[in-house]
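*Asks:* Protein chains in written order, with the numbering used here: chain A, 100 to 435; chain B, 100 to 435; chain C, 100 to 435; chain D, 100 to 435. This structure is in structure tokens; I'll ask about it shortly.
Protein chains: 4
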Amino acid sequence: MGNTIGTIYRFTIWGQSHAPEIGVTIEGLPAGTLIDRSKLQAFMDRRRPGGNRYSTARREGDEVFFAAGLNEASETVGAPLTAVIRNTNTRSSDYEELKYVPRPGHADYPAMVRFGGARDFAGGGQFSGRMTAPLCIAGGIALQLLEARGIRISARAVMIGGETEEERMLAAIDEARAEGDSVGGVVECVVENVPAGVGEPMFDGIENRIAQMVFGIPAVKGIEFGNGFACASLRGSENNDPYIFSEGRVQTRTNHAGGIYGGMTSGMPIVFRAAFKPTPSIAKEQDSIDMRTGEAVRLCVHGRHDPCIVPRAVPVVEAAAAAAVLDEMMMSEIHV
Amino acid sequence: MGNTIGTIYRFTIWGQSHAPEIGVTIEGLPAGTLIDRSKLQAFMDRRRPGGNRYSTARREGDEVFFAAGLNEASETVGAPLTAVIRNTNTRSSDYEELKYVPRPGHADYPAMVRFGGARDFAGGGQFSGRMTAPLCIAGGIALQLLEARGIRISARAVMIGGETEEERMLAAIDEARAEGDSVGGVVECVVENVPAGVGEPMFDGIENRIAQMVFGIPAVKGIEFGNGFACASLRGSENNDPYIFSEGRVQTRTNHAGGIYGGMTSGMPIVFRAAFKPTPSIAKEQDSIDMRTGEAVRLCVHGRHDPCIVPRAVPVVEAAAAAAVLDEMMMSEIHV
Amino acid sequence: MGNTIGTIYRFTIWGQSHAPEIGVTIEGLPAGTLIDRSKLQAFMDRRRPGGNRYSTARREGDEVFFAAGLNEASETVGAPLTAVIRNTNTRSSDYEELKYVPRPGHADYPAMVRFGGARDFAGGGQFSGRMTAPLCIAGGIALQLLEARGIRISARAVMIGGETEEERMLAAIDEARAEGDSVGGVVECVVENVPAGVGEPMFDGIENRIAQMVFGIPAVKGIEFGNGFACASLRGSENNDPYIFSEGRVQTRTNHAGGIYGGMTSGMPIVFRAAFKPTPSIAKEQDSIDMRTGEAVRLCVHGRHDPCIVPRAVPVVEAAAAAAVLDEMMMSEIHV
Amino acid sequence: MGNTIGTIYRFTIWGQSHAPEIGVTIEGLPAGTLIDRSKLQAFMDRRRPGGNRYSTARREGDEVFFAAGLNEASETVGAPLTAVIRNTNTRSSDYEELKYVPRPGHADYPAMVRFGGARDFAGGGQFSGRMTAPLCIAGGIALQLLEARGIRISARAVMIGGETEEERMLAAIDEARAEGDSVGGVVECVVENVPAGVGEPMFDGIENRIAQMVFGIPAVKGIEFGNGFACASLRGSENNDPYIFSEGRVQTRTNHAGGIYGGMTSGMPIVFRAAFKPTPSIAKEQDSIDMRTGEAVRLCVHGRHDPCIVPRAVPVVEAAAAAAVLDEMMMSEIHV
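Below is the structure:
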């Protein structure tokens, strides 16, 4: 369980940070869909490690290889699409000392309990942020299908280290790094032009499915749609969005609901925000335990880490939103 | 799609606000599980309409009838369990005028687009808060199974109408009602004693699954775990939870993660908060459109409504958490 | 697990032979679908116990009650459809003596091992042929949707007790009954007018899905498509179906494949046969064991039983085929 | 849809006959499971093309590469296991002429209709028998897990070209090949030592799941369990299996049911037979149509083909049975 998501546009992500390969297998792509491979690669590059000064020093080309499902004209053939990235720049030796000492804030301890000694702990194994690369393949392809339907998705950082103004956000990252520390932030994502009436009732609504997808991105600790948590301080008369007829179609004057009622789209932009915790890998010494002895130890996490993952998380959030929205659209289209 | 959730502890909720019956069919219950029916009914009563001064005037006994799956000793027989509530106090005439005029903040407009003229709009149809009653059956039974494993779940309102102190929260509801308005709030839920290592990777982790379930409760617009959105202003050194050995077991000194790393439990309490929007049904006049003509109309929502659903939502959040956590525990147990 | 089937046209069957109710909840029905209730009831009557001289003496009206999902005009509202049959004519006392003595040929012994003492053994519990009634509801509704697409399904008995001629088949049943015994048979089903290209690859093809559905009918022990087992004695040059262009469309000169290649339809009729074992409940004394002591006992099965279930199984096979084919058609339509 | 199967032991098969790679991703393997890689390779070799005189002339090493999910000690790490085979010996030119002329007995025509011009028709694309190689990986690993539980699976050809004696079966193949023709057959499979009570009710019983899996093997046109179609000529008193207490446990004197009642195991061996049609690729001229013009053409299928796939299908049937039975056992174990 866990690595597969989606009902029609359904995919399975596989791999670990330091496995020979990571990849994704996608079912549900209509046959004859043209994949713009250079556009996809450009999308991947926005997430790629080593791509900017705020990212890990690990260098990976993240070149996508299509193992199956695509013909020579880059069209889908109607079979599952398997896309693979080879891991090249792995330094597992960085992690040997962590086998018995869980890093605070990481999945190490629960993974020890759950998977025991055979688990792959190098680079965080299957819980590594590296696993967002195959998510970006599935989402990047979904983006292309959505674009063909006139749908646009764009995300951006709206807060980092408590700052909301762009230069100050970047400064917050630099400061944290200088101190061997890290910072968290919030990414906001907007999905435009989804028609009204998309989304399944109850547990498979737009909010349910985007949330399930977005919590699959490591470090996400919260999600809200439209007014979100601010709702708790509002009156119904303030929060409701009155209907108007404008530009030849039904709209709402405001969009406090983030484009969603009852799990279904209203035709207004879908708006959500995801909260990212500060990168748990920090250079500062931390308290942990040697699991063999139960003794307290002081831990220094070495290796190559982002002082803030938010900048690289921006395309990942877009990818997650795209994959969820495409699947919802495909589901909605069946019932007509 | 939409009405079924869960992998092992899997259930389908069916019904509409004014259908003859609403109910739930649960698969995955081990045979021979004793259901404490009076305890379940007491749990249902916490959510029941008409149960307190902050709820709708609709009166429903919400008595649970077991149509199948339970023997005379109230033990599960190994077949699906179907539990039914008969709708008795329906006043569909309240809704006739709303057939072509969508209520702001409700699912009316997307449902019109999606399901057309055949849809059941009386009382909100399948999007009614009434559908949380069968969720409470599924969750209330899950609570009993979890309790037998020593797990405790309790939720409470931590904010209503911007207030965080109990008397002031209640006052905020009274004021809103007096003004024909409504208020939103935040419910916090704590799940204690879940062992470490429960939760599937990536898309089926504790956060993903609780989020997918909780967004199935009408009016929820946000969810956060542990520090949640506050992470965006924190450093890694502040947010990480150092490991300590205490009371004979591995713990963390703080629990900023809300008991979850990499989607898996740490053994510390699971802590999450859900944001509820103000009840969209308000007595105040609002702007809407007559969908037959496209003309603007002023709408007054009559009928019987809660000025704040947060008090009645508290057991529903517990139910949602219970159903999700039980399913995760069952999944984790297979792989051993 | 077990009681839910289907991807788009998905349903869950619940109940036991002597539970208060049995029923089915169907998801995936397009909103606004008109259900012809009297036609459905007429279909149910073909399977109803007591309906003909070859069936059990148990009398049941099998009247279908729609608990949710249908409006007053008998149109689907876009929510799950729940249809219920009340069990009225139950005589559980017939079964008390069987609690510890498994009947040969029945699910009693495996159910004992699996579900233990809490199981519902009256009338075979969830393994009763009575559970085909809700399957006929799901299938009967599917038949109506298929008919609206011009698709026709009809099944008939082609062998009973080794006989293939109609009068002799009926005579074989009468003889078996006279001797306190029972007979098995084969039902053939033909599905006409399904367009070419319907069916998913590999594990969700037409054959896979019909087989999974049909083995859900108690007593089915085999299924074959087209030439089926006869293939084992044929050459490729005999078994292949040559393509011809006829009546303005692509056809095959023969239909040895039963209308299916690679799990997908060819546009020719889908043809399959299901083998039913003789009713295991017979009046003759049989050897069994008292599970409390391990001692051999001679068992006489009392109660009311069909000497041959094949006649009543005919509409059940149609129902199973309809539900599977409709789901496949809905899946195929998404990917266009 | 289509390429994924299983509930706990769940896998997705991907690739096409002439894609760069084919492979399988398996979820649900318990962490720390040791995979005997040379044993797996030996199992693969039983299916490998070019492995015996009855197989295609295509030569493939079919070496399994583990892209993820296995550590250096060949233990599963608790993440999905992805195993890959590189296609090396592809001769797509053999197929160019078939783009518009469907081969009788193959999936060509339905695939044309369904997937259009972008489909991969080389070597049968995703409908090729080559796709049973990844099925053998998933099944071969399942076999190892079952063996560790004391379960043994073995299949054998019991009929080829109408012959049931071994030498005559081989002769029938030789004769067919000499004439540019092909023959079909029947494979019987026995699964020993599965405990009683395994299997889910109704649609997820042992028969349902084995059938769904086995029809995933190209060329299978029928399946029967125990007495199967022979039931149609038997009386209940002949077909029922009386219970006896023997060797310290409950058994049945006969095993006409093939070890299954109500979809659940009885503790006796599971016995089933699968019917394989003759290889549709034959050297003899056949009638087909040029889809561009609708004109009749005489078609000669070139390329490299097995005159009878039954010998190579034997391990594939074992693999299918193993994967289905392991999944059922894992499901049964949860509910305890």
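Where a beta carbon is used, it is the ideal one built from N, C-alpha and C, also for glycine.
Using 8 Å as the cut-off, can you tell me whether the stretch 114-132 of chain C makes contact with the stretch 226-237 of chain C, which would need three or more C-beta pairs spanning the two stretches below that distance?
*Replies:* Short answer: they touch.
*Asks:* Could you tell me the boundaries of the beta strand (DSSP E) in which glycine 239 (chain C) lies?
*Replies:* As a position in the third sequence, residue 239 (chain C) is number 140, starting the count at 1. Counting along the chain, glycine 239 (chain C) falls outside any beta strand (DSSP E), though it belongs to the alpha helix (DSSP H) covering 231-247.
*Asks:* Which residue marks the beginning of the beta strand (DSSP E) containing phenylalanine 371 (chain C), and which one marks its end?
*Replies:* Position 272 of the third sequence, counted from the first residue, corresponds to residue 371 (chain C). Looking at the DSSP string, the run of the beta strand (DSSP E) that includes phenylalanine 371 (chain C) is 369-375.
*Asks:* In this structure, how does DSSP classify leucine 128 (chain D) when only helix, strand and coil are distinguished?
*Replies:* As a working note, residue 128 (chain D) is residue 29 in the fourth sequence. If DSSP states are grouped into helix, strand and coil, leucine 128 (chain D) belongs with coil.
*Asks:* Out of C:Ala256, C:Gly261, C:Glu278, C:Arg267, which one is the CA nearest neighbour of cysteine 288 (chain C)?
*Replies:* Counting from one through the third sequence, the residue named residue 288 (chain C) turns up at place 189. Measuring from the Cα of cysteine 288 (chain C), the nearest candidate turns out to be C:Ala256.
*Asks:* Within 9 Å of any Cβ in chain C, is that where the Cβ of leucine 234 (chain B) sits?
*Replies:* One-based indexing of the second sequence puts residue 234 (chain B) at position 135. It does not; no Cβ of chain C falls within 9 Å.
*Asks:* Cβ of glutamine 140 (chain B) less than 9 Å from any chain C Cβ?
*Replies:* Here the question's residue 140 (chain B) lines up with position 41 in the second sequence. Closer than 9 Å: no.
*Asks:* Buried or exposed: phenylalanine 164 (chain B), going by 16 or more other Cβ atoms within 10 Å of its Cβ?
*Replies:* Mapped onto the second sequence, residue 164 (chain B) falls at position 65. The residue in question, phenylalanine 164 (chain B), is exposed, as its Cβ has fewer than 16 Cβ neighbours within 10 Å.
*Asks:* Counting only the same chain and skipping the five closest in sequence on each side, list residues whose C-beta sits under 6 Å from that of methionine 367 (chain C).
*Replies:* As a position in the third sequence, residue 367 (chain C) is number 268, starting the count at 1. Around methionine 367 (chain C): Thr351, Asn354, Gly358.
*Asks:* If you count every other CB in all the chains shown that lies within 10 Å of the CB of arginine 372 (chain C), and 16 or more means buried, which is it?
*Replies:* Walking along the third sequence from the start, residue 372 (chain C) turns up at place 273. Classification for arginine 372 (chain C): buried.
*Asks:* Measuring CA to CA, which of D:Ser336, D:Ala418, D:Asp207 is closest to alanine 382 (chain C)?
*Replies:* Locating residue 382 (chain C) in the third sequence gives position 283, where the first residue counts as 1. Answer by Cα proximity: D:Ser336.
*Asks:* Spell out whether any CB of chain A is found under 9 Å from the CB atom of aspartate 280 (chain B).
*Replies:* To locate residue 280 (chain B), count along the second sequence from 1; it is residue 181. Yes, aspartate 280 (chain B) lies at the interface with chain A (some Cβ there is under 9 Å from its Cβ).
*Asks:* Could you tell me the distance, in whole angstroms, from the CA atom of glutamate 323 (chain D) to the CA atom of proline 317 (chain D)?
*Replies:* The residue you call residue 323 (chain D) lines up with position 224 of the fourth sequence. The residue you call residue 317 (chain D) lines up with position 218 of the fourth sequence. Going from the Cα of glutamate 323 (chain D) to the Cα of proline 317 (chain D) covers about 17 Å.
*Asks:* From proline 341 (chain C) to aspartate 386 (chain D), what does the alpha carbon distance come to, in whole angstroms?
*Replies:* Residue mapping note: residue 341 (chain C) aligns to position 242 of the third sequence, counting from 1. Residue mapping note: residue 386 (chain D) aligns to position 287 of the fourth sequence, counting from 1. Roughly 5 Å between the two C-alpha positions.
*Asks:* Pull out every residue of the stretch 171-196 of chain C whose Cβ sits closer than 8 Å to any Cβ of chain A, in chain order.
*Replies:* The stretch 171-196 of chain C vs chain A, Cβ under 8 Å: Gly177, Ala178.
*Asks:* For glycine 321 (chain B) and alanine 310 (chain A), I'd like the C-alpha separation in whole angstroms.
*Replies:* Here the question's residue 321 (chain B) lines up with position 222 in the second sequence. Here the question's residue 310 (chain A) lines up with position 211 in the first sequence. Looking at the two C-alpha atoms, the distance is approximately 9 Å.
*Asks:* Establish whether the CB of methionine 390 (chain C) and some CB of chain B are separated by less than 9 Å.
*Replies:* On the third sequence, residue 390 (chain C) is found 291 positions in, with the first residue counted as 1. No, methionine 390 (chain C) lies away from the interface with chain B (no Cβ there is under 9 Å from its Cβ).
*Asks:* Work out the CA separation of phenylalanine 344 (chain B) and glutamate 278 (chain A) for me, nearest whole Å.
*Replies:* On the first sequence, residue 278 (chain A) is found 179 positions in, with the first residue counted as 1. On the second sequence, residue 344 (chain B) is found 245 positions in, with the first residue counted as 1. Cα-Cα distance, rounded: 28 Å.
*Asks:* For valine 435 (chain A), which of helix, strand or coil comes out of DSSP?
*Replies:* Walking along the first sequence from the start, residue 435 (chain A) turns up at place 336. Annotation note: pLDDT 46 at valine 435 (chain A) (below 50); position unreliable, coordinate value reported separately. Valine 435 (chain A): coil per DSSP, three-state reduction.
*Asks:* Less than 7 Å between C-beta atoms, sequence neighbours within five positions excluded: which residues of the same chain meet that for asparagine 102 (chain B)?
*Replies:* Taking the second sequence and counting its residues from 1, the one referred to as residue 102 (chain B) is at position 3. Excluding residues within five positions, the ones whose Cβ falls inside 7 Å are Thr111, Ile112, Trp113.
*Asks:* Given this structure, state the Cα-to-Cα distance separating alanine 418 (chain C) from alanine 178 (chain B), to the nearest angstrom.
*Replies:* Residue 418 (chain C) sits at position 319 when you count from the first residue of the third sequence. Residue 178 (chain B) sits at position 79 when you count from the first residue of the second sequence. Going by the C-alpha atoms only, they are around 22 Å apart.
*Asks:* At a Cβ threshold of 9 Å, is threonine 231 (chain D) touching chain A?
*Replies:* Position 132 of the fourth sequence, counted from the start, is the residue given in the question as residue 231 (chain D). Closer than 9 Å: no.
*Asks:* Report the residue from B:Gly122, B:Ala130, B:Glu291, B:Met100 whose alpha carbon sits nearest the alpha carbon of proline 300 (chain D).
*Replies:* One-based indexing of the fourth sequence puts residue 300 (chain D) at position 201. Here the closest residue by C-alpha is B:Ala130.
*Asks:* What does a CB cutoff of less than 7 Å around alanine 423 (chain C) pick up in its chain, not counting 5 residues either side in sequence?
*Replies:* In the third sequence, counting from the first residue as 1, residue 423 (chain C) sits at position 324. Once the five neighbours on either side are set aside, the close Cβ partners of alanine 423 (chain C) are Arg308, Ile309, Met312.
*Asks:* Rounded to the nearest angstrom, what separates glutamate 171 (chain C) and tyrosine 208 (chain B) at their Cα positions?
*Replies:* On the third sequence, residue 171 (chain C) is found 72 positions in, with the first residue counted as 1. On the second sequence, residue 208 (chain B) is found 109 positions in, with the first residue counted as 1. Roughly 21 Å between the two C-alpha positions.
*Asks:* Apart from the five residues on each side of it in sequence, which residues of its chain come closer than 6 Å, Cβ to Cβ, to alanine 374 (chain B)?
*Replies:* As a position in the second sequence, residue 374 (chain B) is number 275, starting the count at 1. Only Val285, Lys320, Gly321 meet the Cβ criterion.
*Asks:* Compare the Cα-Cα distances from glycine 239 (chain B) to each of B:Ile408, B:Gln140, B:Asp405 and report the closest residue.
*Replies:* Locating residue 239 (chain B) in the second sequence gives position 140, where the first residue counts as 1. Among B:Ile408, B:Gln140, B:Asp405, the Cα nearest to that of glycine 239 (chain B) belongs to B:Gln140.
*Asks:* Alpha carbon to alpha carbon, what distance is there between isoleucine 408 (chain B) and leucine 333 (chain A)?
*Replies:* Sequence index remark: in the first sequence, residue 333 (chain A) carries index 234 (1-based). Sequence index remark: in the second sequence, residue 408 (chain B) carries index 309 (1-based). Spanning the two alpha carbons is a distance of roughly 13 Å.
*Asks:* Which two residues bound the contiguous alpha helix (DSSP H) that contains serine 137 (chain B)?
*Replies:* Numbered from its first residue, the second sequence carries residue 137 (chain B) at position 38. From DSSP, the alpha helix (DSSP H) with serine 137 (chain B) extends over 136-146.
*Asks:* Have a look at B:Val396, B:Ala412, B:Val413, B:Ala295 and flag the residue whose alpha-carbon is nearest the alpha-carbon of isoleucine 369 (chain B).
*Replies:* Start at 1 with the first residue of the second sequence, and residue 369 (chain B) comes out as number 270. Checked all of B:Val396, B:Ala412, B:Val413, B:Ala295; the closest Cα to isoleucine 369 (chain B) is B:Ala295.
*Asks:* Quick one: give me the first and last residue of the alpha helix (DSSP H) that serine 336 (chain C) is part of.
*Replies:* Within the third sequence, the letter at position 237 stands for residue 336 (chain C). That run of the alpha helix (DSSP H) goes 335-338.
*Asks:* Excluding the 5 residues preceding and the 5 following glycine 223 (chain C) in the sequence, name in chain order all residues of the same chain whose CB lies nearer than 6 Å to its CB.
*Replies:* One-based indexing of the third sequence puts residue 223 (chain C) at position 124. Only Ser116 meet the Cβ criterion.
*Asks:* Once DSSP output is grouped into helix, strand and coil, what is the label at glutamate 323 (chain A)?
*Replies:* To locate residue 323 (chain A), count along the first sequence from 1; it is residue 224. Three-state DSSP puts glutamate 323 (chain A) in a strand.
*Asks:* Shorter than 9 Å from the beta carbon of leucine 269 (chain C) to some beta carbon of chain D?
*Replies:* Numbered from 1 along the third sequence, position 170 holds the residue referred to as residue 269 (chain C). No, leucine 269 (chain C) does not count as interfacial toward chain D.
*Asks:* Could you check what DSSP says for glutamate 196 (chain B) in three-state terms: helix, strand or coil?
*Replies:* Translated into positions along the second sequence, residue 196 (chain B) becomes position 97. In the structure shown, glutamate 196 (chain B) sits in a helix (DSSP, three-state: H, G or I).
*Asks:* Please list, in chain order, the chain B residues whose beta carbon lies closer than 8 Å to that of glycine 122 (chain C).
*Replies:* Sequence index remark: in the third sequence, residue 122 (chain C) carries index 23 (1-based). By Cβ distance, chain B contributes Ala166, Ala167, Thr181.
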